[in-house]
Amino acid sequence: MNSPKDILDHMGTGLLTVNPEGKIAFANVCASRLLGWKTNELVGKPLSVVVKDQFFDAANPFRREDLLFFRKNNESFPVECIHAGGGVITFQDISERKRVEDQKDEFISNLSHELRSPLTIIKGAIWNLKDGIMGKLTEKQAKLVETTSRHIDKLSRLVEEVLEISRLQSGKVQITRRRVNIAHVIEATIGDYHMAAKEKYIGLKADVAPELPPVYADSDMVEQVLHNLLNNALRFAKSSIVITARPADNGFVRIGVVDDGLGVAKEDQPRLFSKFEQLQRPQGVPGYKGTGLGLAISKEIVSHHQGNIWVESDLGKGAAFYFTLPEYDPAADFRFMLHGAMKEADRRRVPLALAVLSIDNLRSAKGNGVLHKIGEALKEKMLRKKDMLFRYTLKDFALILPDTPLDGANIISGRVEQFIRAGLQESPQSGKEPVIRSGIVLYPNDATSAERLIEIAFERTNGKIQNFGGR
Amino acid sequence: MKSLLRGQMEKFRILVVDDDVDLVKTLRMRLEFEGYETFAAYEGVRGVEMTLKKKPHLILLDLRMPAGSGQSVLKTLQANPDTEKIPVIIITAMDDPRLETETKEGGASAFFRKPYSIEALLEKIRFYLPPKP
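Protein sequence lines, in the order shown, are assigned to chains A and B.
My numbering numbers the first residue of the first sequence as 1 and each following residue consecutively.
My numbering numbers the first residue of the second sequence as 472 and each following residue consecutively.
Here it is in structure tokens:
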């Protein structure tokens, strides 16, 4: 029987245990091999020799993250790291996985270029023919050119959709999430379909609950999901399509596209959101055939928003496609912006600073208005174009400072503090004097995740993080 | 517009810079049909030379090309007071979503991803170079 140490040493996964002081207490053979230290050299060293990020937090276990670990020779490598509690950290080298992902991205990017270029030429040539640039076409020639043109458009659409689903699945798609009023998105999208619905004698209307909370989403992407669902509904509806929007459980909003068409058989429903699945068209009814990717793309988009998409239908009784989107959350919005700035800093290999300024002893209602004005004035008069200022909570400003080292961030934060102080003095309040506390963190030096950067910045203001969820 | 003062018969000149000969051919055919005078360059460096020589009123610029990328052409044109005001419309098949912001920040007037809609492209061109009576 192998001893527990034998078992740990024969694992294909690196394992480190860390004592409450943050020092390494044990390293298995795999860990020492991956990190380039002898096991006894590692024992007693702070975890920070291996990982610069403040990943290990005894009070906050069960975290799984992709991080950069450092070898003895200071060379970094990507790992998938799990802190399962009890000071036990396991990690795996994912260099190979990252390399394959990068290769796949490059392949998709090259493929898209190679497919789009000839399509552009074919499209251009067909349009030249269609518009009579090469002389007037006979009726038969014109029909042939028209058919070709329609299929070129379909091929272009297919190419874009295949590329889009690859991008979505590889997580390389650029999603710009903002506070979005879903009623406006529905209104904008539905406008494109009134004509087509009228031609088919289909009633098309929106039914949006009053005072629906805003959602946190990329509005172009939500529009795309609605377009996909509306296109389908328009193909199958008999006489009516209704777009609904209602508050849902757990801070989500539910949007639905409901038609009175043939519906989808229960056994077909699970396959609907897979790639290249075509909805069963009514027998003998010609018409626009989809690419079979619309619902798969919609599913990817909705998952990127942490939402769900599903269908409720009985054969012969119409179909209701629903998807959910999370309500707007200012803290999530800020994390997202910070994450984007971190990615840009990586790409340009420049430092990034985050400064937090907390203001205490403010009278809530009046103070809120004053801080709002100060924030606007700061943006206009003091900050650089690239800086991003947020009201993180009612009493905190968070400032993302791209391409800024620590000394620069200190100077800017100091000036901002003076500016806020001056602004507050202009609108004196009764009661205690307002107190401003600031905290600065640097990416990637202090941490490599947006969440940790924010936590540390607030810790450095010597305060506790309040209203962290923002709602 | 200044050029409109120069005799009604003179056509607006458009320079197409793209390494794809067939694309340039179909595009020029269309632009000439629309009443523009066109020139072509198949390399970035040549695109800059042609701009200085032919003084086009508008440039259609590809990004991925041999001998000088579209980005470097744009940078060179923006750095020269004689060429910085010429509207440059990017036409590219490249996938990177950051390119649009980058090139617009670099001075490009518009951005089209291939395969673009010819109608949308013509509309943009007409915005800068309105058809002459």
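Yeah, the Cβ is synthetic: ideal placement off N, Cα and C, and Gly gets one too.
Backbone CA spacing between glutamate 146/A and alanine 196/A [nearest angstrom] = On the first sequence, residue 146/A is found 146 positions in, with the first residue counted as 1. On the first sequence, residue 196/A is found 196 positions in, with the first residue counted as 1. The straight-line gap from Cα to Cα measures roughly 20 Å.
Mind listing the chain A neighbours of phenylalanine 582/B? Cutoff is C-beta to C-beta under 9 Å, in chain order.
-> Walking along the second sequence from the start, residue 582/B turns up at place 111. None at all; the shortest Cβ gap to chain A is about 14 Å.
Taking the alpha-carbon positions, what's the glycine 287/A to arginine 235/A distance?
-> Indexing the first sequence from 1 puts residue 287/A at position 287. Indexing the first sequence from 1 puts residue 235/A at position 235. Because the pLDDT of glycine 287/A is 47, which lies under 50, any placement of that residue in the model is unreliable, and the number read from its coordinates should be weighed accordingly. If you take the alpha carbons of glycine 287/A and arginine 235/A, they lie about 8 Å apart.
Residues of its chain near proline 214/A, where Cβ-Cβ distance is below 8 Å and the 5 sequence neighbours each way are ignored | Taking the first sequence and counting its residues from 1, one reaches residue 214/A at position 214. If we look at proline 214/A and ignore the five residues flanking it on each side, its Cβ neighbours are Arg179, Val180, Asn181, Ile182, Glu327 and Tyr328.
Name the DSSP beta bridge partners of aspartate 396/A, please?
-> Position 396 of the first sequence, counted from the first residue, corresponds to residue 396/A. Aspartate 396/A is bridged to Ser358/A and Thr393/A.
Beta-carbon proximity list for phenylalanine 336/A, same chain, < 6 Å, skipping 5 on both sides = Indexing the first sequence from 1 puts residue 336/A at position 336. Counting only Cβ-Cβ distances below 6 Å, and skipping sequence neighbours, we find Arg177.
Taking the alpha-carbon positions, what's the alanine 409/A to histidine 372/A distance?
-> Working through the first sequence from its first residue, we reach residue 409/A at position 409. Working through the first sequence from its first residue, we reach residue 372/A at position 372. Roughly 22 Å separates the two Cα atoms.
Step through the CB atoms of chain B and report whether any lies within less than 8 Å of the CB of threonine 120/A.
-> In the first sequence, the residue the question calls residue 120/A occupies position 120. It does: the Cβ of threonine 120/A has a partner Cβ on chain B nearer than 8 Å.
Is the CB of tyrosine 513/B under 8 Å away from at least one CB in chain A?
-> Looking up residue 513/B in the second sequence gives position 42. Chain A, which has no Cβ nearer than 8 Å to the Cβ of tyrosine 513/B, makes this no.
Find out if the Cβ-Cβ distance for the pair phenylalanine 323/A, valine 225/A is shorter than 8 Å.
-> Residue mapping note: residue 323/A aligns to position 323 of the first sequence, counting from 1. Residue mapping note: residue 225/A aligns to position 225 of the first sequence, counting from 1. Cβ distance < 8 Å, so phenylalanine 323/A and valine 225/A count as in contact.
Is serine 438/A closer than 8 Å to valine 356/A when the C-beta atoms are compared?
-> Translated into positions along the first sequence, residue 356/A becomes position 356. Translated into positions along the first sequence, residue 438/A becomes position 438. A contact, by the Cβ cut-off of 8 Å.
Could you check where the beta strand (DSSP E) with tyrosine 216/A kicks off and where it finishes?
-> Counted from its first residue, the first sequence places residue 216/A at position 216. First-last of the beta strand (DSSP E) with tyrosine 216/A: 215 to 217.
From glutamine 283/A to leucine 315/A, what does the alpha carbon distance come to, in whole angstroms?
-> Position 283 of the first sequence holds residue 283/A. Position 315 of the first sequence holds residue 315/A. With a pLDDT of 48 at glutamine 283/A, under the threshold of 50, the predicted position of this residue should be treated as unreliable, and no value is reported.
Assumed close pair aspartate 259/A, alanine 353/A - CB separation to whole angstroms, cut-off 8 Å | As a first step, residue 259/A is located in the first sequence; it is residue number 259 there, counting from the start. As a first step, residue 353/A is located in the first sequence; it is residue number 353 there, counting from the start. Contact flag wrong, Cβ pair sits at about 52 Å.
According to the neighbour-count rule (16 or more other Cβ atoms, all chains shown, within 10 Å of its Cβ), is aspartate 6/A buried or exposed?
-> Counting from one through the first sequence, the residue named residue 6/A turns up at place 6. Aspartate 6/A should be labelled exposed.
May I ask you to report which of helix, strand or coil DSSP gives tyrosine 193/A?
-> Here residue 193/A is taken as the residue at index 193 of the first sequence, counted from 1. Looking at tyrosine 193/A - three-state DSSP - the assignment turns out to be helix.
Rounded separation between histidine 528/B and valine 516/B - CA only = On the second sequence, position 57 is the one that residue 528/B refers to. On the second sequence, position 45 is the one that residue 516/B refers to. Answer to the nearest angstrom: the Cα atoms are 18 Å apart.
Are the C-beta atoms of valine 285/A and some chain B residue less than 8 Å apart?
-> The residue given as residue 285/A occupies position 285 in the first sequence. A caution first: valine 285/A carries a pLDDT of 47, below 50, which makes its placement in the model unreliable, though a value can still be read off. Not closer than 8 Å to any Cβ of chain B, the Cβ of valine 285/A fails to qualify, so no.
Minimum Cβ-Cβ distance from proline 602/B to chain A less than 8 Å = On the second sequence, residue 602/B is found 131 positions in, with the first residue counted as 1. Judged by the 8 Å Cβ criterion, proline 602/B is not in contact with chain A.
If you draw a straight line from the C-alpha of isoleucine 561/B to the C-alpha of phenylalanine 510/B, how long is it?
-> Working through the second sequence from its first residue, we reach residue 561/B at position 90. Working through the second sequence from its first residue, we reach residue 510/B at position 39. Whole-angstrom Cα-Cα distance: 16 Å.
Backbone secondary structure at alanine 125/A - three-state DSSP | Walking along the first sequence from the start, residue 125/A turns up at place 125. Residue state, collapsed to three classes: helix.
Do the segment 182 to 194 of chain A and the segment 129 to 136 of chain A touch if we need at least three Cβ pairs shorter than 8 Å?
-> no
Residues of chain B with CB under 9 Å from leucine 163/A, in chain order?
-> Walking along the first sequence from the start, residue 163/A turns up at place 163. Simply Asp566.
Return the residues of the segment 165 to 178 of chain A that lie within a Cβ-Cβ distance of less than 7 Å from chain B, sorted by chain order.
-> Gln174
Tell me whether arginine 421/A sits in a helix, a strand or coil according to DSSP, three-state version.
-> Position 421 of the first sequence, counted from the start, is the residue given in the question as residue 421/A. The answer is helix: DSSP assigns arginine 421/A an H, G or I state.
Report the three-state DSSP secondary structure of lysine 496/B (helix, strand or coil).
-> Position 25 of the second sequence holds residue 496/B. Note: lysine 496/B maps to helix in three-state DSSP.
Step through the CB atoms of chain B and report whether any lies within less than 8 Å of the CB of arginine 157/A.
-> Counting from 1 along the first sequence, the entry for residue 157/A is found at position 157. So, not an interface residue.
Can you check whether the CB of isoleucine 440/A is closer than 8 Å to the CB of arginine 421/A?
-> Numbered from its first residue, the first sequence carries residue 421/A at position 421. Numbered from its first residue, the first sequence carries residue 440/A at position 440. For arginine 421/A and isoleucine 440/A, no; Cβs fall outside 8 Å.
Proline 4/A, enclosing alpha helix (DSSP H) - first and last residue | The residue labelled residue 4/A in the question sits at position 4 within the first sequence. Unbroken alpha helix (DSSP H) run through proline 4/A: 4 to 9.
Hey, could you find the ends of the beta strand (DSSP E) glycine 203/A is sitting in?
-> The residue you call residue 203/A lines up with position 203 of the first sequence. Start and end: 203 to 208.
Element boundaries [alpha helix (DSSP H), containing glycine 340/A] = For the purposes of this step, residue 340/A is taken as residue 340 along the first sequence, with counting starting at 1. It spans 330 to 348 - the alpha helix (DSSP H) in which glycine 340/A sits, taken as one unbroken run.
Taking all protein chains shown into account, decide if valine 86/A is buried (16 or more other Cβ within 10 angstroms of its Cβ) or exposed.
-> Taking the first residue of the first sequence as 1, we reach residue 86/A at position 86. The sequence given here has glycine at residue 86/A, not valine. Counting Cβ neighbours within 10 Å, glycine 86/A comes out exposed, since fewer than 16 surround it.
In the DSSP assignment, what residue or residues form a beta bridge with lysine 23/A?
-> As a working mapping, residue 23/A is identified with position 23 in the first sequence. The partner list for lysine 23/A (beta bridge, DSSP) reads Pro46/A.
Could you name the residues of chain B that histidine 304/A contacts, counting a contact when the two beta carbons are closer than 7 Å?
-> To locate residue 304/A, count along the first sequence from 1; it is residue 304. Per Cβ cutoff of 7 Å: no residues; histidine 304/A is ~14 Å from chain B at best.
Cβ contact (3+ pairs, closer than 8 Å) linking the segment 572 to 582 of chain B and the segment 117 to 131 of chain A | no
Listing by chain order, which chain A residues have their CB less than 7 Å from the CB of aspartate 493/B?
-> Working through the second sequence from its first residue, we reach residue 493/B at position 22. In chain order: Ile121.
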